[in-house]
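Numbering of the sequence shown is given in numbering that gives the first Met the number 0, commencing with residue 0 and proceeding in unit increments. Working notes, beginning with the structure itself.
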Amino acid sequence: MEDVRIGAYVCECGGNISGVVKVDDLVEFVADLPGVVVARSQGYMCSGSGQEMIQTDIQHHDLNRVVVASCTPRMHEPTFQRALEEVGLNRYFFEMANIREHVSWVVEDGRKATQKAYRLIRAAVARVALHAPLEARQEPVTEAALVVGGGIAGIQSALAIADMGYQVYLVEREPSIGGRMAQLNKTFPTLDCST
Ligand SMILES: Cc1cc2nc3c(=O)[nH]c(=O)nc-3n(C[C@H](O)[C@H](O)[C@H](O)COP(=O)(O)OP(=O)(O)OC[C@H]3O[C@@H](n4cnc5c(N)ncnc54)[C@H](O)[C@@H]3O)c2cc1C
0 MEDVRIGAYV CECGGNISGV VKVDDLVEFV ADLPGVVVAR SQGYMCSGSG
50 QEMIQTDIQH HDLNRVVVAS CTPRMHEPTF QRALEEVGLN RYFFEMANIR
100 EHVSWVVEDG RKATQKAYRL IRAAVARVAL HAPLEARQEP VTEAALVVGG
150 GIAGIQSALA IADMGYQVYL VEREPSIGGR MAQLNKTFPT LDCST
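Set out below in structure tokens:
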């Protein structure tokens with residue numbers, strides 16, 4: 000197995016994280032995890048200077064894996080993956096630990112929050128060591144949708160998708176569509192007939 004060299008970065012998120020989690024302690028613990036070569040913190044890891052810090056470390060410390068402990072991956076995973084790619088590291092040699100939404104925003108006790116953050120980062124470090132490089136590729140797909148259930152939700156979804164110009168197959172297990180609504184002769188709040 001190749002020599003795994005991990006950079007681990009803890010974001011303060013301008014006090015969003017560091018207001019609860021003891022970031023300095025966390026960095027100290029994380030630095031001792033197997034495979035971790037560099038461990039640091041920053042006010043905003045997603046900022047230009049945060050990304051540059053990671054890129055410089057990749058180049059100077061020959062890192063081949065990166066873990067960032069910050070916010071939800073939905074927000075900045077692509078940001079960090081791009082930063083890795085810019086210095087020649089495969090974007091999938093990356094793992095994020097969400098210590099904001101999953102820790103500092105929901106755990107009030109600083110000691111417990113720091114312990115939970117540590118466990119999440121430790122898991123991310125263990126996981127990233129097992130990552131393999133992946134390449135994105137384009138595949139042709141059939142541009143059609145299958146909607147299961149012809150209740151009001153299924154009917155509306157099918158119409159919306161069809162309005163976008165896609166073929167829709169609406170599957171209903173009962174003999175007729177309409178679902179629960181079709182069983183009601185008057186509906187709240189307008190008391191209109193539902194069919
Ligand atoms: C007694 C009662 C009174 C209500 N009154 C009102 C009211 O006054 N005003 C209001 O706005 N709302 C009212 N509601 C709520 C409203 O009826 C529901 O929110 C709405 O019908 C839900 O629509 P749906 O499409 O999500 O689910 P459903 O109407 O339950 O439709 C689901 C459909 O999927 C089909 N299906 C499920 N599994 C499969 C499968 N595996 N394969 C194929 N088909 C499948 C079912 O047969 C069904 O046709 C009332 C509900 C009840 C029970």
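Glycine included, every Cβ here is placed at the ideal spot set by N, Cα and C.
*Locate the alpha helix (DSSP H) running through Gly-109, then write down its first and last residues.*
109 to 127
*Identify every residue that forms a DSSP beta bridge with Arg-93.*
Checking the sequence, you will find Phe at residue 93 rather than Arg. DSSP output for Phe-93 lists Val-65 as bridge partner(s).
*Terminal residues of the continuous alpha helix (DSSP H) containing Gln-53?*
The question names Gln, but residue 53 in the sequence shown is Ile. Counting along the chain, the alpha helix (DSSP H) containing Ile-53 begins and ends at 47 to 59.
*asked:* Considering only their Cβ atoms, is the gap separating Met-52 from Glu-76 smaller than 7 Å?
replied: no
*Assess, as a yes-or-no matter, whether the stretch 60 to 75 is touched by the stretch 160 to 175 under the definition of 3 or more beta carbon pairs within less than 8 Å.*
They do not touch, by the three-pair rule.
*State the CB to CB distance for the pair Leu-11 and Gly-42, rounded to an integer number of angstroms; the pair is presumed to be in contact (CB under 8 Å).*
One point to set straight first is that residue 11 is Glu, not Leu, in the sequence displayed. Sure, about 5 Å apart at Cβ, within 8 Å.
*Pull up the DSSP beta-bridge partners for Val-167, would you.*
Val-167 is bridged by DSSP to Ala-144.
*Since Gly-6 sits in a beta bridge, which residues does DSSP pair it with?*
Partner(s): Val-37 and Val-65.
*Determine the burial state of Val-140: buried for a count of at least 16 other Cβ atoms within 10 Å of its Cβ, exposed for fewer.*
exposed
*asked:* Please determine whether the Cβ atom of Ala-144 lies at a distance below 6 Å from any heavy atom of ligand 1.
replied: no
*Tell me, please, which residues DSSP counts as bridged to Asp-191.*
In the DSSP output, where bridge partners are listed per residue, Asp-191 has Thr-186.
_Can you give me the C-alpha to C-alpha distance between Glu-107 and His-101, rounded to a whole angstrom?_
12 Å
_Please return the same chain residues whose Cβ sits closer than 7 Å to the Cβ of Ser-156, not counting the five positions on each side in sequence._
Val-146
*Residues near Asp-24 by beta carbon distance below 7 Å, same chain, minus five either side*: Thr-113
*Should Ala-38 go down as buried or exposed, given a rule of 16 or more other Cβ atoms within 10 Å for buried?*
Looking at its Cβ environment, which holds 16 or more other Cβ atoms inside 10 Å, Ala-38 is buried.
*Have a look at Pro-33 and Arg-136 and give me their C-alpha separation to the nearest angstrom.*
Straight-line measurement puts the Cα of Arg-136 at about 33 Å from the Cα of Pro-33.
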